[in-house]
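For the sequence shown, the working numbering assigns the number 1056 to the initial residue and increments by one for each residue that follows.
Inspection log for the structure reproduced underneath, given as structure tokens.
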Amino acid sequence: MANIPRTAARAAANTVGGAHNELRNYRLLDRIGEDDLATSYNATHLTLDRPVVVHLLRHTDWVSVSRFQLAAKLAARLSHPSLVPVLDAGHDERSGYYLVTPSMEAQPLSAVLANGRLDAVQALSVARQVGAALDYLHGKGVVHRDIQPLNILLTKEGLAYLTNLSFAASPDTPDFSSVEEADYLTVYSAPELELNAAEAAPALDVYGLGGVIYHMLGGSPPPGDGSAAPPLGADPMLSAADRVVQRMMAAQPGARYGSVGQALGALRQALRAQIDRATDDMEESRWETSAEWLENPLETVLGDVLDQEFTSRTRARADSLHRVDAVRRLLDRWSRKGRFRRAPLGQLIQPEQITSFNIYYYDLRTYYETRSAPAPRTRPARPDERSSMLPSIDVWDVDVPLGDEVNDVREQELSMPNSLRVISCSECGGQGKVVCKACSGRGTVDRTRAVKNPDGSKQNETIQEQCQNCHGYGRQTCPSCDGSGNIAEEQVFSWSRRAKLWQNTDDMDGLPKLALERRAEPVYSAVINPYEGRWHSVAPLAELIEAAVKACDDHTHIRSAELSIRGATLTEVDYTLNDKSHRLTLVGNDNEISGDWSLVNWERIALVAVGAVLAVVLVALVVANLL
């Protein structure tokens, strides 16, 4: 199922009318297109009043339903800047299966290619963004299997998004082996492609992306009949790129590149000369080829709730750094501020790729309330008490003290409203009196005492005395009902509250964590509904909320949840120095530099070390002479 954006297929759009223009919490507006799986509509989320795109499944056969559900589940579980996220999905009795994606001003790559081929700069940018998404999928054990221009969306800003995971191979993919080849094979499909998840490999997507690149650079799709594709046009500058693309589309999977990333690295080098000749200055058309802004999935889905000043400022910072000359000047200034820093670093390195993005930290403070199941509790009834005639209520409908939602509340007991039952005391039969256990109802008790006979001997004799418990009446107040003759039975439950802080971050592997943590600044803070779908559309945030929700059960609910998000910005510079590849990171607005040992001036360190050794030797000689 392809995500068809608002600007696509506008000529074919028509308005949804009548009584059937609402689906759950969405109002359907105009139909913007359809593919073999779904019909797509511009829509509005009724509660949030925000634009979205709703996709309705066109067919109800098991293959279509399985594909549709697979695309929704995978897209919701996976998160990458170049994957179209799923905001919601489900089934409506009237409209059938549906899923919801963000509203995007984009159009399919197939529509763009209908107007002719792309220049090398734009083609490489699209390929790299889609390739990054594919590498991410492969790392998660997912193979797309349906790479084609129709499943790639382009925005007017040049952002590319991969969509349609309905044929993807993953551990939970249903068996599509019975699907006819004509229903899934395209000219971009690898010759070995079969809808059998056990045989799916990343090489399938390497081939598919190679076919898309071939189309972007050459202007025509590959032949698709298993034969080798003709060379890429007559431009001699494309000969090196043609070799890369031909290897990506090799008939044998083992002859292709080992990964999408490896293939795109080779393509970037193959197109370097043509990219460098695209312009003779450093205007945007030039530096776009080696610079890229990666939009965080949080910004794609929830950008409207984030601090706009932060997102605007970090994007402006990235734009200022997405020029090779700007990076060189920054590194030269950095070199001059330290004796042991390699100088002039900016002039010594050759930047290959400049990538900027934001990293986010997520804190979810949840306030849990636990309520036990009501249990009966009895006590003596008061004379004025009567059984409640009102209906019973659920334990979670009982009002409890509000508290401050900051401090924990120790376990307390409360009575359930409307649960009072006044019944006759079974112990005394409603009389309020019971037989005295001490005298068994006689009113007297036997007591033995010793008496002295006239001859001086002693003997015991038994005498009767008044019972002190019942004062001779033989009956005493019933201990169960306290003499009222009635028992009050009511349902009682215990409740308590506790707060817990859940934390998560975006993927931080390979990043300078301490430097980023120091520069993280608040971008959002509010009480949220953790069960609302949009908070589950970003993977790190979804993981956080799911962990918090798992702590709930029938007896423990989330009373409130406050989400705080902090953001930090960074720029990664991939460069070569002495024919070796390196990477440095510029962190925060002050561009703190973090990198490897290539930033160090080893010659100066060696000179200082030699000088120190000579000084020690000289001091030793002087001391020896003095002795």
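All C-beta atoms in this analysis are idealised placements derived from N, C-alpha and C, irrespective of residue type, glycine included.
What are the boundary residues of the alpha helix (DSSP H) that includes residue i?
{"i": "Arg1574", "result": "1568-1574"}
{"i": "Thr1355", "result": "1352-1357"}
{"i": "Tyr1191", "result": "1175-1194"}
{"i": "Ala1215", "result": "Ala1215 -> not in any alpha helix (DSSP H); beta strand (DSSP E) instead, spanning 1215-1217."}
{"i": "Leu1319", "result": "1315-1325"}
{"i": "Asp1297", "result": "1294-1303"}
{"i": "Ala1166", "result": "1164-1168"}
Quick one: grab the DSSP three-state call for residue i.
{"i": "Ile1448", "result": "coil"}
{"i": "Lys1605", "result": "helix"}
{"i": "Thr1366", "result": "helix"}
{"i": "Pro1204", "result": "helix"}
{"i": "Val1668", "result": "helix"}
{"i": "Val1593", "result": "coil"}
{"i": "Thr1334", "result": "Only weak support exists for where Thr1334 lies, its pLDDT of 47 falling under 50; the coordinates are left without a value."}
{"i": "Glu1647", "result": "strand"}
{"i": "Ser1225", "result": "coil"}
{"i": "Ala1675", "result": "helix"}
{"i": "Pro1577", "result": "strand"}
{"i": "Asn1076", "result": "coil"}
{"i": "Val1360", "result": "helix"}
{"i": "Asn1462", "result": "coil"}
{"i": "Asn1473", "result": "coil"}
{"i": "Ser1687", "result": "Only positions 1056 to 1682 of the chain appear in the structure, and residue 1687 is not among them; the question remains open."}
{"i": "Ile1583", "result": "coil"}
{"i": "Leu1084", "result": "strand"}
{"i": "Leu1662", "result": "helix"}
{"i": "Leu1250", "result": "coil"}
{"i": "Ala1306", "result": "coil"}
{"i": "Leu1681", "result": "helix"}
{"i": "Glu1683", "result": "The structure shown does not extend to residue 1683, since the chain is modelled only from 1056 through 1682, so no value can be given for it."}
Could you pull the start and end residues of the beta strand (DSSP E) that residue i belongs to?
{"i": "Tyr1243", "result": "Segment: none, Tyr1243 is in no beta strand (DSSP E) and carries neither H nor E."}
{"i": "Thr1503", "result": "1499-1507"}
{"i": "Tyr1269", "result": "Where Tyr1269 is concerned, there is no enclosing beta strand (DSSP E), although the alpha helix (DSSP H) it sits in stretches over 1258-1273."}
{"i": "Arg1476", "result": "1476-1479"}
{"i": "Asp1629", "result": "1611-1632"}
{"i": "Val1455", "result": "It is not in any beta strand (DSSP E) - Val1455 carries neither H nor E in the DSSP assignment."}
{"i": "His1637", "result": "1635-1642"}
{"i": "Glu1587", "result": "From DSSP, Glu1587 is part of no beta strand (DSSP E); its letter is neither H nor E."}
Candidates the options: which alpha carbon is nearest residue i's?
{"i": "Asp1629", "options": "Gln1408, His1135, Ser1275, Ser1580", "result": "Gln1408"}
{"i": "Arg1530", "options": "Val1489, Ser1539, Val1665", "result": "Val1489"}
{"i": "Glu1350", "options": "Arg1302, His1637, Gly1213", "result": "Gly1213"}
{"i": "Met1292", "options": "Arg1552, Glu1466, Arg1327, Pro1277", "result": "Arg1327"}
{"i": "Gly1401", "options": "Val1382, Asn1413, Arg1368", "result": "Val1382"}
{"i": "His1610", "options": "Ser1427, Arg1437, Ile1448", "result": "Ser1427"}
{"i": "Asn1584", "options": "Asp1608, Pro1567, His1612, Arg1574", "result": "His1612"}
{"i": "Asp1449", "options": "Trp1117, His1135, Ala1430, Ser1442", "result": "Ala1430"}
{"i": "Pro1567", "options": "Leu1641, Val1604, Ser1592, Ile1620", "result": "Leu1641"}
{"i": "Pro1140", "options": "Ala1126, Ser1551, His1146", "result": "Ala1126"}
{"i": "Thr1102", "options": "Leu1078, Leu1092, Gly1088, His1110", "result": "Leu1078"}
{"i": "Thr1425", "options": "Ser1551, Met1304, Ala1325", "result": "Ser1551"}
{"i": "Arg1086", "options": "Val1453, Val1108, Ser1442, Glu1354", "result": "Val1108"}
{"i": "Leu1083", "options": "Leu1676, Ala1188, Asp1091, Ser1095", "result": "Ser1095"}
Any heavy atom of the ligand ADP closer than 6 Å to the beta-carbon of residue i?
{"i": "Arg1302", "result": "Because no ligand of any kind appears in the structure shown, any question about the ligand ADP cannot be addressed here."}
Exercise for the section: Enumerate, from N- to C-terminal direction, the unbroken beta strand (DSSP E) stretches of 3 or more residues contained entirely within the segment 1370-1444. Expected result: Segments of the beta strand (DSSP E) lying fully in the segment 1370-1444: 1405-1426, 1430-1435.
Problem - Any 3 or more C-beta pairs closer than 8 Å across the segment 1516-1528 and the segment 1484-1498 - result: In this structure the segment 1516-1528 touches the segment 1484-1498; the number of beta carbon pairs closer than 8 Å is three or more.
Problem - Whole runs of the alpha helix (DSSP H) within the segment 1089-1162, excluding any shorter than 4 residues - result: 1117-1132, all fully within the segment 1089-1162.
Problem - Secondary structure, beta strand (DSSP E): runs of 3+ residues fully inside the segment 1481-1549 - result: Runs of the beta strand (DSSP E) inside the segment 1481-1549: 1488-1490, 1499-1507, 1513-1521, 1530-1532.
Practice task
Determine contact between the segment 1175-1182 and the segment 1151-1159, defined as no fewer than three beta-carbon pairs at a distance below 8 Å.
Solution key: With a cut-off of 8 Å, the segment 1151-1159 and the segment 1175-1182 do not count as touching, because too few Cβ pairs lie within range.
Exercise for the section: Tell me, please, whether the segment 1385-1399 touches the segment 1412-1420 by the rule of three or more beta-carbon pairs shorter than 8 Å. Expected result: Contact between the segment 1385-1399 and the segment 1412-1420 is absent: fewer than three C-beta pairs spanning the two stretches fall below 8 Å.
Exercise for the section: Decide yes or no for the touch test of the segment 1495-1502 against the segment 1460-1476: beta carbon pairs closer than 8 Å, at least 3 of them. Expected result: Judged by Cβ distances under 8 Å, the segment 1495-1502 makes no contact with the segment 1460-1476, as fewer than three pairs qualify.
Exercise for the section: Count the CB pairs spanning the segment 1359-1369 and the segment 1620-1629 that are closer than 8 Å, and state whether there are at least three. Expected result: Taking 8 Å as the limit for Cβ pairs, the verdict is that the segment 1620-1629 does touch the segment 1359-1369.
Exercise for the section: For the segment 1599-1608 and the segment 1551-1563, state whether three or more C-beta atom pairs, one from each stretch, are separated by less than 8 Å. Expected result: With a cut-off of 8 Å, the segment 1551-1563 and the segment 1599-1608 count as touching, because enough Cβ pairs lie within range.
Handout entry: contact_flag[the segment 1540-1556, the segment 1435-1453] where n(CB pairs < 8 Å) is 3 or more
Key = Contact holds: three or more Cβ-Cβ distances are below 8 Å.
Practice task
Decide yes or no for the touch test of the segment 1172-1179 against the segment 1145-1154: beta carbon pairs closer than 8 Å, at least 3 of them.
Solution key: Contact fails: fewer than three Cβ-Cβ distances are below 8 Å.
Handout entry: Three-pair Cβ contact test at 8 Å for the segment 1199-1207 versus the segment 1161-1170
Key = Cβ pair count under 8 Å is three or more, so yes.
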